[in-house]
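**Q** Okay, so the sequence shown: first residue is 20 according to our numbering, each after it adds one.
Dropping the structure in here first, questions after.
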Amino acid sequence: MTDMRAGRFFSYAQNLEDYHLALLLADVERGFYIDVGGGHAVADNVSFWFYEKGWRGIVVEPQATIAAAYRIVRPRDVTVEALCGAEAGEAVLFQAERFHGLSTTVKANAEAAGAAGVATVERRLPVTTLKDLAATHAPGAIDFLKIDVEGAEASVLAGNDWTRIRPRVVVVEAVAPWTMADRSADFAPILTANGYHDVWFDGLNRFYLAEEEMHRASRLPSEPTPWDAVLHLGEYGPAHRDTGHPDHALAIRLDPDLLGRLAVMEAAELGPRLPAGLAPGDEATRAALARIATMFDGGYVVEED
20 MTDMRAGRFF SYAQNLEDYH LALLLADVER GFYIDVGGGH AVADNVSFWF
70 YEKGWRGIVV EPQATIAAAY RIVRPRDVTV EALCGAEAGE AVLFQAERFH
120 GLSTTVKANA EAAGAAGVAT VERRLPVTTL KDLAATHAPG AIDFLKIDVE
170 GAEASVLAGN DWTRIRPRVV VVEAVAPWTM ADRSADFAPI LTANGYHDVW
220 FDGLNRFYLA EEEMHRASRL PSEPTPWDAV LHLGEYGPAH RDTGHPDHAL
270 AIRLDPDLLG RLAVMEAAEL GPRLPAGLAP GDEATRAALA RIATMFDGGY
320 VVEED
């Protein structure tokens, strides 16, 4: 969304990744993305800004509750409830409780989470590959590929056929969980060997451009954009309390007991609970409800009052 009062970019992403991708792909009106490790459907999400602009894509999200929200909030996307790796098969996900962004297939990272007090539960899940996802669901050109899988990025990249499937931009989380040490050496050789150039580092992610897309590199700023240069959903308080929240007027008209479930309620249940004039099948309404829910459904982890 765009905050019409200020005319400023409204970011959802953790580190303004959506803003910088929008700079790189400013000439693409209705694009296509693959988002591996989608996380929450709205909060700290890299692809939601594009979805609101009419884009669509493939979201790979192995955590069942989160995947269910994608299917409701983002019906134009193909949501694949699985892991993504070098080969199709099965693998164990160490699913973090409450802190969903720490879920990982890397046992050492799960152990580090446990040492910090974050419990994980082991789930055995199917594994798909980038090449299979693209062959089945991509319409043609892929404008960006984003990967955030808490340490297994190299495995995801190894599962692509780079001669046939060439996203214009690839964004990969490049720092280790907990230590924030640069670990791009784990996956960079796969990209460079397949004609991709490391053009930018935002302190968290590395941005790569395909050789044939290098003309886009000059669109990036010389340094990471300051946080306050854009508006960000995470800067607002709970929508029903924060009068500046873009969805405050709607939030105060909703039953407070529903706020944590808004992103996963089916239309038949939600419809009768909405204010007059709003339809549960309307995408803008669904987006607003999902933004409201972020403070209550684990999108943003906040301290209880």
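Beta carbons: idealized from backbone N, C-alpha and C, even for Gly.
This one's a predicted model, so the numbers in the text were calculated from it and none came from an experiment.
Helix, strand or coil for Ile-184, going by three-state DSSP, please let me know.
**A** Here Ile-184 sits in coil by DSSP.
**Q** Do you know whose CA, among Ala-295, Ala-41, Ala-287 and Leu-269, lies nearest Ala-309's CA?
**A** The residue with the shortest Cα to Cα distance from Ala-309 is Leu-269.
**Q** Gly-300 to Ala-200, Cα distance in whole Å?
**A** One C-alpha to the other measures close to 44 Å.
**Q** Look up Ala-105 in the DSSP assignment and say whether it is helix, strand or coil.
**A** Here Ala-105 sits in coil by DSSP.
**Q** Which residue or residues does DSSP assign as beta-bridge partners of Lys-165?
**A** Note: Lys-165 sits in a beta bridge opposite Asp-54 and Val-190.
**Q** Looking at the structure shown, is Ile-77 part of a helix, part of a strand, or coil, going by DSSP?
**A** Three-state DSSP puts Ile-77 in a strand.
**Q** Whole angstroms are fine: how far does the CA of Pro-81 sit from the CA of Ala-160?
**A** If you take the alpha carbons of Ala-160 and Pro-81, they lie about 25 Å apart.
**Q** Closest to Val-55 by CA distance: which of Thr-147, Trp-68, Tyr-70 and His-267 is it?
**A** For the residues Thr-147, Trp-68, Tyr-70 and His-267, the minimum Cα distance to Val-55 belongs to Thr-147.
**Q** If you run the structure through DSSP and keep just helix, strand and coil, what is Phe-292?
**A** What sits at residue 292 in the sequence shown is Arg, not Phe. Arg-292: helix per DSSP, three-state reduction.
**Q** Report the option in Leu-223, Ile-184 and Glu-48 whose CA atom is closest to the CA atom of Pro-169.
**A** Just to set this straight, residue 169 is Glu in the shown sequence, not Pro. It is Leu-223 whose Cα lies nearest to the Cα of Glu-169.
**Q** Going along the chain, which residues of its own chain have a beta-carbon closer than 8 Å to the beta-carbon of Glu-141, five neighbours each way excluded?
**A** Excluding sequence neighbours, Glu-141 sits near Val-111, Leu-112, Phe-113 and Gln-114.
**Q** Counting C-beta neighbours from all protein chains within 10 Å, is the total for Arg-117 16 or more, i.e. buried, or is it exposed?
**A** Exposed, by the Cβ-count rule.
**Q** DSSP state of Leu-273, grouped into three classes?
**A** If DSSP states are grouped into helix, strand and coil, Leu-273 belongs with coil.
**Q** Under a Cβ-count criterion, where at least 16 other Cβ atoms within 10 Å of its own Cβ denotes burial, should Lys-165 be classed as buried or exposed?
**A** Lys-165 comes out buried.
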